[in-house]
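To convert, count from 1 in the sequence shown and add 4; that's our numbering.
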Amino acid sequence: MKVVFRADASIHIGTGHIARCKTLADELRRRGADILFVCREHPGHQTQGLRRAGFFVVTLPAPPAPESAREDYASWLGVSEAADAQQTIAAAEKADWLVVDHYGLGPEWEKALRSVAPHILAVDDLDRAHDADVVLDQNLSDKPARYANVPPACKKLLGPRFALLGAEYRSGAEAAQSEARRILVFFGGADPKGATRAAVEALDDPGLAAMHFDVVIGAANPERRSLEAWAGRRARTTVHIGAPSLRGLMAQADIAVGGGGITMLERCCVGLPAVVMTVAANQVPGTRAMAAEGAIAYLGDFDTAGVTGLATVVRDLAADAEGRRHMTERGRLLVDGWGAARVAEQILPTPASGLALRPAEAGDCGFYFALVNDPDVRRASFQSAPIPWVQHRRWFDAKRTAPDSHLWVMTAGALPVGQLRLDRKDPYTYIDYSLDPLVRGRGWGRAIIALGLRRIFESESPVIRAEVKGGNVASRAIFEKLGFREVLSAQDGTTTFEIDRETFAVADLRDRTK
Numbered sequence: 005m006k007v008v009f010r011a012d013a014s015i016h017i018g019t020g021h022i023a024r025c026k027t028l029a030d031e032l033r034r035r036g037a038d039i040l041f042v043c044r045e046h047p048g049h050q051t052q053g054l055r056r057a058g059f060f061v062v063t064l065p066a067p068p069a070p071e072s073a074r075e076d077y078a079s080w081l082g083v084s085e086a087a088d089a090q091q092t093i094a095a096a097e098k099a100d101w102l103v104v105d106h107y108g109l110g111p112e113w114e115k116a117l118r119s120v121a122p123h124i125l126a127v128d129d130l131d132r133a134h135d136a137d138v139v140l141d142q143n144l145s146d147k148p149a150r151y152a153n154v155p156p157a158c159k160k161l162l163g164p165r166f167a168l169l170g171a172e173y174r175s176g177a178e179a180a181q182s183e184a185r186r187i188l189v190f191f192g193g194a195d196p197k198g199a200t201r202a203a204v205e206a207l208d209d210p211g212l213a214a215m216h217f218d219v220v221i222g223a224a225n226p227e228r229r230s231l232e233a234w235a236g237r238r239a240r241t242t243v244h245i246g247a248p249s250l251r252g253l254m255a256q257a258d259i260a261v262g263g264g265g266i267t268m269l270e271r272c273c274v275g276l277p278a279v280v281m282t283v284a285a286n287q288v289p290g291t292r293a294m295a296a297e298g299a300i301a302y303l304g305d306f307d308t309a310g311v312t313g314l315a316t317v318v319r320d321l322a323a324d325a326e327g328r329r330h331m332t333e334r335g336r337l338l339v340d341g342w343g344a345a346r347v348a349e350q351i352l353p354t355p356a357s358g359l360a361l362r363p364a365e366a367g368d369c370g371f372y373f374a375l376v377n378d379p380d381v382r383r384a385s386f387q388s389a390p391i392p393w394v395q396h397r398r399w400f401d402a403k404r405t406a407p408d409s410h411l412w413v414m415t416a417g418a419l420p421v422g423q424l425r426l427d428r429k430d431p432y433t434y435i436d437y438s439l440d441p442l443v444r445g446r447g448w449g450r451a452i453i454a455l456g457l458r459r460i461f462e463s464e465s466p467v468i469r470a471e472v473k474g475g476n477v478a479s480r481a482i483f484e485k486l487g488f489r490e491v492l493s494a495q496d497g498t499t500t501f502e503i504d505r506e507t508f509a510v511a512d513l514r515d516r517t518k
């Protein structure tokens, strides 16, 4: 499979579009896809880093005039959409999928690119029209509906569960510390508005004198010399130039100060409490939504309010250990770090032979929580009310260690895609399962149950029962195809199915030899 990425970076565009596309490209390449990047040669275009990472890059000519610093996305493109489409078609030749991540490119460009790629994924943050097969917006939103102006069949991957983060951000999450000692400051690789310098000047406060500051800037940051000079005058201060990943610095930090966008989601994923100032209009809705969920502290928009009150908010957060712990928990629940794998699964699905079952781990609590509160799962459950987090966490911890329960996670490769639970209630063992919405409709409900039954029947010989709520036609069909027989039918429509070891062995052998 060939996947072409069309994205740009520049002094005014920033580096985030290229960074998140590279993350998705890494995941697709790991799955066997051939990757091509098509990027325009704006000042600060970042193609060297893509080539160093082993990607093939075709560059489009630099625009005839400097791009505008205003949030005029058409001017950021540097040429007309029609001209860009012609150049991209010539560069890309033929592909299976095209991934476009550019505010200056819209549905007309996408229609033109259909001659190159039959499938298009549009990465966006602006809730606008697209002619795409999949639209991805990794921002949290309180809007009841987004991307109404896309084709009816377009798949919408919306919210932080699809955030394109490197795999390192989901590994080894640290616990929030009782005492805050270190602050990480980062406002993007380009930072054209000078937010970094304004922030560190505001944080040069007597109440924060004991804090160690890690300040990260890009190599082309125009304030580099003044920031290095400031760091030379202040004890316990380090300026980092062009850090390829912030994961290590986030692991050391207790509080972060920075902008919205992808880095905000990275901080949430590792559980790093943060004070956020938006530095672009498109960051505002998602940042406000994250603050409403308690995952960050939102100071406001940098253009409007500057850094007023920053030192006070940081001091208060440093003194509030419980508040930081709550922020850590909320952030990790919203951003679990599997977004790139989920998006790649949409483009290049895992074959059924790549499915496996493993015991649930402590870190799977959030995954189970997301599944149990999925609207379709709640409708199919006997208790349809949403489950609060605190109640779920107590239940999960108890079930995972209970001798009469088995909790498993089904994975597609490494990606968690479903849960299976077996509870022994003598003389029967009851089965329960649910799948991630991303993979429903693939026949994997049958696969997860079969995997679980094979596992339990390896060492035990219980009679397995399944209770199916009235109207749940899909689950009923799955159990019947696996060899379960109906044993009870209640007046409310609930049906109880049953299977034993020998019956399943016959049905499973028949399925495997088809």
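In this text, a Cβ means the ideal position worked out from N, Cα and C, and glycines have one as well.
Asked: Simplified DSSP state of F9, which is helix, strand or coil; Found: strand
Asked: CB contact flag (T200, D218, <8 Å); Found: no
Asked: As assigned by DSSP and simplified to three states, the class of F59; Found: coil
Asked: F60 burial status per 10 Å Cβ neighbour count (16 or more: buried); Found: exposed
Asked: Per-residue burial, N153 [other beta carbons within 10 Å of its own, 16 or more giving buried]; Found: exposed
Asked: Inter-residue CB distance, D141 and D129 (contact presumed, cutoff 8 Å); Found: 6 Å
Asked: Candidates D324, E490, C272 and V347: closest to K26 by CA position; Found: V347
Asked: Buried versus exposed call for D12 [16 or more other C-beta atoms within 10 Å across all chains shown]; Found: buried
Asked: G275 to R251 span [Cα, whole Å]; Found: 11 Å
Asked: Beta-carbon spacing of V318, L207 below 8 Å; Found: yes
Asked: Segment limits, beta strand (DSSP E) that includes E333; Found: Unbroken run through E333 is the alpha helix (DSSP H), A325 to L338; no beta strand (DSSP E).
Asked: CB of V413 within 8 Å of CB of F386, strictly; Found: no
Asked: Rounded C-alpha distance that separates C272 from A260; Found: 10 Å
Asked: Cβ contact (3+ pairs, closer than 8 Å) linking the region 302–313 and the region 328–345; Found: no
Asked: Beta-carbon proximity list for N143, same chain, < 6 Å, skipping 5 on both sides; Found: D129 and G290
Asked: Range covered by the beta strand (DSSP E) that runs through Q423; Found: L419 to K429
Asked: Backbone CA spacing between P392 and H410 [nearest angstrom]; Found: 22 Å
Asked: The region 366–380 touching the region 463–480, judged by at least three CB pairs closer than 8 Å; Found: no
Asked: CA nearest to the CA of S357, picked from E365, D324, A416 and P379; Found: A416
Asked: Buried or exposed by the 16-neighbour rule on C-beta atoms within 10 Å, applied to E31; Found: buried
Asked: CB contact flag (D258, M281, <8 Å); Found: no
Asked: Buried versus exposed call for G4 [16 or more other C-beta atoms within 10 Å across all chains shown]; Found: The question about residue 4 has no answer here: the residues shown for the chain are numbered 5 through 518.
Asked: Buried or exposed by the 16-neighbour rule on C-beta atoms within 10 Å, applied to V491; Found: exposed
Asked: Contacting residues, own chain, Cβ-Cβ under 7 Å from W35 (five flanking each side not counted); Found: Per the sequence presented here, residue 35 reads as Arg, with Trp not at that position. Here the set comprises A348 and L352.
Asked: Through-space distance from A344 to L161, alpha-carbon basis; Found: 11 Å
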